[in-house]
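Colleague: Position one of the sequence shown corresponds to residue 1 (full-length UniProt numbering), numbered consecutively onward.
C-beta: ideal position from N, C-alpha, C; glycine also.
A quick note: this is a predicted structure, and the numbers were derived from the prediction, not measured.
Attaching a single structure in structure tokens format; questions to follow.
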Amino acid sequence: MNLPPSQNDIGGQRSLVNKWTTFLKARMVCVVQEQDGTETHFDELGQYPEIRIGQSQDCLMECEDLQANAGFPVTQKTFALFPESVFLLESEHPKRLLVFAVFTSTSSVFKGSAVCVYNMADILTVFNGPFAHREGPNFQWVAYQGRIPYPRPGMVSLDPGGWGMVRGRGPGGQGARGPGGQGQGARGPGESPFPDDVVTFIRNHPVMFNPIYPMGRKPLVVRTNADYKYTAIAVDEVIAADGRYQQQLYVSSEYGVSQVSLHRCHAYGSACADCCLARDPYCAWDGLSCSRFYPTGKRRSRRQDIIHGNPLTQCRGYNLKAYRNAVETVQYAVKNNTTFLECLPKSPQASVRVEIYRPAVWREELTLEKCTESPNIFLVKPSDRLIPSGNGLLIRSAQPSDQGLYYCQATENGFKRTVAKIRLKVLSDSLVMALTDKQRSPWALASSLHPKALVSAFSPAEALALQQYCKEQRQAERLGPLRGDLAKLKPLLDHRKSRNRRNHLPQG
């Protein structure tokens, strides 16, 4: 990153042309850190390397020296800001300004792009820190520990008659005589001479030693092994229902930008709580659904809270408890095998925890922790077999004791809701082998299984449907016509007729 020269810094003459004491450079690092500590760097900022702000040929050589020198990692390099790939998000305080930048990787092994966010306070800290200095037999880059001349390189006086407007002086203090009898460092209109030690220092130390890391020391967005790369940032400014001024960022690729709708209110569900927790300035709750917000409409009937996103205050009286009607699903697991109970909250800011229902007579105190909401609801604690994560619960070596009704609770801004209810059924090895054995006939399979063992594999709803089906089949068999051997039935019918002949009139 280059700190461009101040407007009050007009440079020097002759050999000091295009030399500024306020022109400093620092390395911007956009890095992905693996679990083992390995760092992968995105080493190119923007798409057009020929567009550089305030960077001369000397800087290009210095950047190459920094890249090739053993004092810095080979994957790091000094970057220059490109106007197509950088956006400044202003705030009320200048030090809280955020810098959004698009980085790409030129490596043939690791290909991708990323968006990193930098804090202006961190950038100022780096430029106020130590300078990079070559030292030792191998000329490695180290932090300069000597005396820094005054005024410090990079500082500018706001007084037009002070040392803000400078022309660097030549060696010896007086400078070479130029046309008109003025030296390079002589005082002109609105100018002031500059000390020689400052000019010499900035020639030898144009780069800061410490790099500029992004917020959180990781990228905001990363795309790797894809057919596209991020190249530009687009900004949309919108006013929310509470009057707050919002700025939304969108990243485009080199293949172009397709027209998309900025509001995706239908994706937040049909509950007021989901619409409020989304904190989308384009959407608001209108009393019936989460719909697009128009600043010109009436604000009384709209529910939206961009800053806090608290449904307890915004959705009072608007189906606030609709989140409790989570659909119960049944999931099967095989004994001594691994299964995963998936729980995906709608908001990435929500924290997930998994609870299980246990009767009072069946509890495992080693893996369960009592919750305050219900006496029979317990929080699943992490163990060697039970591994909770942000997307659900991983159960290793499932056992029959793991069966039960699991609740997935998502918490955001103090608001809790049930995302999913999963009833886990653990099947035995013998049952699974019998069900999957293709060589055995269905009749042999049915005869080898106990009816209770077979019914236990079904959920209560499935078992009830099975009983209803069997009942209907039995009723259909009773109402059906009788079938038999007509040859055996004919003598019986004739015998009954012979017993009733006296009641018949004689014929003829």
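1. Using only alpha-carbon positions, find the residue among Asp402, Arg385 and Gln140 that is nearest to Arg396.
2. Confirm, please, whether the CB-CB distance from Thr411 to Ala461 is below 8 Å.
3. Under 8 Å Cβ to Cβ from Pro189, same chain only, skipping five residues before and after it: list those, please.
4. Helix, strand or coil: how does DSSP classify Pro171 here?
5. Would you identify the three-state DSSP class for Pro382, choosing helix, strand or coil?
6. With a Cβ-Cβ cutoff of 8 Å, do Phe415 and Pro311 count as a contact?
7. Excluding the 5 residues flanking Ile422 on each side, which residues of the same chain have their C-beta closer than 6 Å to its C-beta?
8. With burial defined as no fewer than 16 other Cβ atoms inside 10 Å of the residue's Cβ, what is the status of Ile307: buried or exposed?
9. Do the stretch 129-136 and the stretch 109-119 make contact, defined as three or more Cβ pairs closer than 8 Å?
10. List the DSSP bridge partners of Ala278.
11. Using a threshold of 8 Å, state whether the C-beta atoms of Asn391 and Leu424 are closer than that.
12. Buried or exposed: which applies to Ala114, given that a residue is buried once 16 or more other Cβ atoms fall within 10 Å of its Cβ?
13. By how many angstroms is the C-alpha of Val221 removed from the C-alpha of Asn336?
14. Run the CB neighbour count on Phe139, radius 10 Å, all protein chains shown included, and call it buried at 16 or more, exposed below.
15. Nearest to Asp429 by alpha carbon, out of Gly136, Ala420, Gly404 and Ala398?
16. If you count every other CB in all the chains shown that lies within 10 Å of the CB of Tyr228, and 16 or more means buried, which is it?
17. Taking the alpha carbon of Tyr213 as the reference point, which residue from Ser91, Gln409 and Ala101 has its own alpha carbon closest?
18. Residue range of the beta strand (DSSP E) that Phe103 falls in?
19. What residues in its chain sit with their C-beta under 8 Å from that of Thr338, if we drop five residues either side in the sequence?
20. Helix, strand or coil: which one does DSSP assign to Ile212?
21. Whose C-beta lies closer than 8 Å to the C-beta of residue 512 among residues of the same chain, with five residues either side of it excluded?
22. Here's the rule: buried if 16 or more other CB atoms are within 10 angstroms of the residue's CB, otherwise exposed. What is Gln467?
23. Across which residues does DSSP place Cys283 in a beta bridge pair?
24. Let's test the definition: count the other Cβ atoms within 10 Å of the Cβ of Gly172 and tell me whether it reaches 16, buried, or not, exposed.
25. What would DSSP say about Lys421, mapped onto helix, strand or coil?
26. Pick out whichever of His133, Val99, Ser105 and Pro137 has its Cα sitting closest to the Cα of Tyr230.
27. Please report how far the alpha carbon of Ala226 lies from the alpha carbon of Asp196, in whole angstroms.
28. If you follow the alpha helix (DSSP H) that Gln314 is in, where does it begin and where does it stop?
29. Helix, strand or coil: how does DSSP classify Val30 here?
30. Suppose the cutoff is 8 Å on Cβ atoms and the five residues either side in sequence are ignored; what does the same chain contact list for Ala70 look like?
31. If you draw a straight line from the alpha carbon of Met215 to that of Ser401, how long is it in whole angstroms?
32. Give me the DSSP bridge partner(s) of Ala267.
33. Should Arg27 be labelled buried (16 or more other beta-carbon atoms within 10 Å of its own) or exposed?
34. Report, in whole angstroms, the separation of the C-beta atoms of Ser270 and Ser289, which I expect to be a contact under 8 Å.
35. Quickly, what does DSSP pair Asn119 with across the bridge? List them, please.
36. Nearest CA to the CA of Phe209: which residue from Lys381, Gln409, Thr224 and Val29?
Modeller: By the coordinates alone:
1. Locating residue 396 in the sequence shown gives position 396, where the first residue counts as 1. Sorting Asp402, Arg385 and Gln140 by C-alpha distance to the C-alpha of Arg396 places Arg385 at the top.
2. Position 461 of the sequence shown, counting from 1, holds the residue named residue 461. Position 411 of the sequence shown, counting from 1, holds the residue named residue 411. No, the Cβ-Cβ distance between Ala461 and Thr411 is not below 8 Å.
3. Residue mapping note: residue 189 aligns to position 189 of the sequence shown, counting from 1. Residue placement at Pro189 is poorly supported in this model, since its pLDDT is 39, which falls under 50; the coordinates still yield a value, given next. There are no such residues.
4. Looking up residue 171 in the sequence shown gives position 171. The predicted position of Pro171 is uncertain, since its pLDDT is 36 and thus under 50; a value taken from the coordinates is nonetheless stated next. The answer is coil: DSSP assigns Pro171 none of H, G, I, E or B.
5. Locating residue 382 in the sequence shown gives position 382, where the first residue counts as 1. In the three-state DSSP reduction, Pro382 falls in the coil class, being neither helix nor strand.
6. Reading the sequence shown from its first residue, position 415 is the one you call residue 415. Reading the sequence shown from its first residue, position 311 is the one you call residue 311. Yes, the pair counts as a contact, with Cβ atoms nearer than the cut-off.
7. For the purposes of this step, residue 422 is identified with residue 422 of the sequence shown, where counting begins at 1. Excluding sequence neighbours, Ile422 sits near Thr329, Gln331, Leu341 and Tyr406.
8. For this step, residue 307 is matched to residue 307 along the sequence shown. Ile307 comes out exposed.
9. Counting Cβ pairs under 8 Å, fewer than three are found: no touch.
10. The residue labelled residue 278 in the question sits at position 278 within the sequence shown. Listed as beta-bridge partners of Ala278 by DSSP are no residues whatsoever.
11. Translated into the one-based positions of the sequence shown, residue 391 becomes position 391. Translated into the one-based positions of the sequence shown, residue 424 becomes position 424. Taking 8 Å as the cut-off, the Cβ atoms of Asn391 and Leu424 do not count as close.
12. As a position in the sequence shown, residue 114 is number 114, starting the count at 1. By the C-beta density criterion, Ala114 is buried, having at least 16 other C-beta atoms within 10 angstroms.
13. Within the sequence shown, the letter at position 336 stands for residue 336. Within the sequence shown, the letter at position 221 stands for residue 221. Spanning the two alpha carbons is a distance of roughly 38 Å.
14. In the sequence shown, the residue the question calls residue 139 occupies position 139. Per the 10 Å Cβ criterion, exposed.
15. The count along the sequence shown starts at 1 and reaches residue 429 at position 429. Distance from the Cα of Asp429 is smallest, within the candidate group Gly136, Ala420, Gly404 and Ala398, for Ala398.
16. Position 228 of the sequence shown, counted from the first residue, corresponds to residue 228. Burial state of Tyr228 is exposed, judged by a 10 Å Cβ sphere holding fewer than 16 other Cβ atoms.
17. Sequence index remark: in the sequence shown, residue 213 carries index 213 (1-based). The residue with the shortest Cα to Cα distance from Tyr213 is Ala101.
18. As a first step, residue 103 must be located in the sequence shown, where it is residue number 103. Residues Leu98 to Thr104.
19. Position 338 of the sequence shown, counted from the first residue, corresponds to residue 338. Around Thr338: Leu394, Ile395, Arg396, Ser397 and Ala398.
20. By one-based count along the sequence shown, residue 212 stands at place 212. Ile212 falls in the strand class under three-state DSSP.
21. The structure shown does not extend to residue 512, since the chain is modelled only from 1 to 508, so the question has no answer here.
22. Taking the sequence shown and counting its residues from 1, one reaches residue 467 at position 467. Its Cβ having fewer than 16 others within 10 Å, Gln467 is exposed.
23. For this step, residue 283 is matched to residue 283 along the sequence shown. DSSP lists Arg292 as partners of Cys283.
24. Position 172 of the sequence shown, counted from the start, is the residue given in the question as residue 172. Reliability fails at Gly172, whose pLDDT of 36 lies under 50, so the model's placement of it is uncertain and no value is given.
25. For the purposes of this step, residue 421 is taken as residue 421 along the sequence shown, with counting starting at 1. Strand, per DSSP.
26. Position 230 of the sequence shown, counted from the first residue, corresponds to residue 230. Shortest Cα-Cα distance from Tyr230 to any of His133, Val99, Ser105 and Pro137 involves Ser105.
27. For this step, residue 226 is matched to residue 226 along the sequence shown. For this step, residue 196 is matched to residue 196 along the sequence shown. Answer to the nearest angstrom: the Cα atoms are 52 Å apart.
28. Along the sequence shown, one-based indexing puts residue 314 at 314. Unbroken alpha helix (DSSP H) run through Gln314: Pro311 to Gln314.
29. Reading the sequence shown from its first residue, position 30 is the one you call residue 30. A small correction: the amino acid at residue 30 is Cys; Val does not occupy that position in the sequence shown. Coil, per DSSP.
30. Here the question's residue 70 lines up with position 70 in the sequence shown. In this predicted model, Ala70 has a pLDDT of only 29, less than 50, meaning its place in the structure is not dependable enough to derive any value.
31. Position 215 of the sequence shown, counted from the start, is the residue given in the question as residue 215. Position 401 of the sequence shown, counted from the start, is the residue given in the question as residue 401. Taking the straight line from one Cα to the other gives about 45 Å.
32. Residue numbering aside, residue 267 sits at position 267 when the sequence shown is read from its first letter. Ala267 is not bridged to any residue.
33. Translated into the one-based positions of the sequence shown, residue 27 becomes position 27. When all chains shown are included, Arg27 counts as buried.
34. Position 270 of the sequence shown, counted from the start, is the residue given in the question as residue 270. Position 289 of the sequence shown, counted from the start, is the residue given in the question as residue 289. That belief holds up - the Cβ atoms of Ser270 and Ser289 are roughly 6 Å apart, short of 8 Å.
35. On the sequence shown, residue 119 is found 119 positions in, with the first residue counted as 1. In the DSSP output, where bridge partners are listed per residue, Asn119 has Leu98.
36. Counting from 1 along the sequence shown, the entry for residue 209 is found at position 209. The shortest C-alpha to C-alpha distance from Phe209 to any of Lys381, Gln409, Thr224 and Val29 is the one to Val29.
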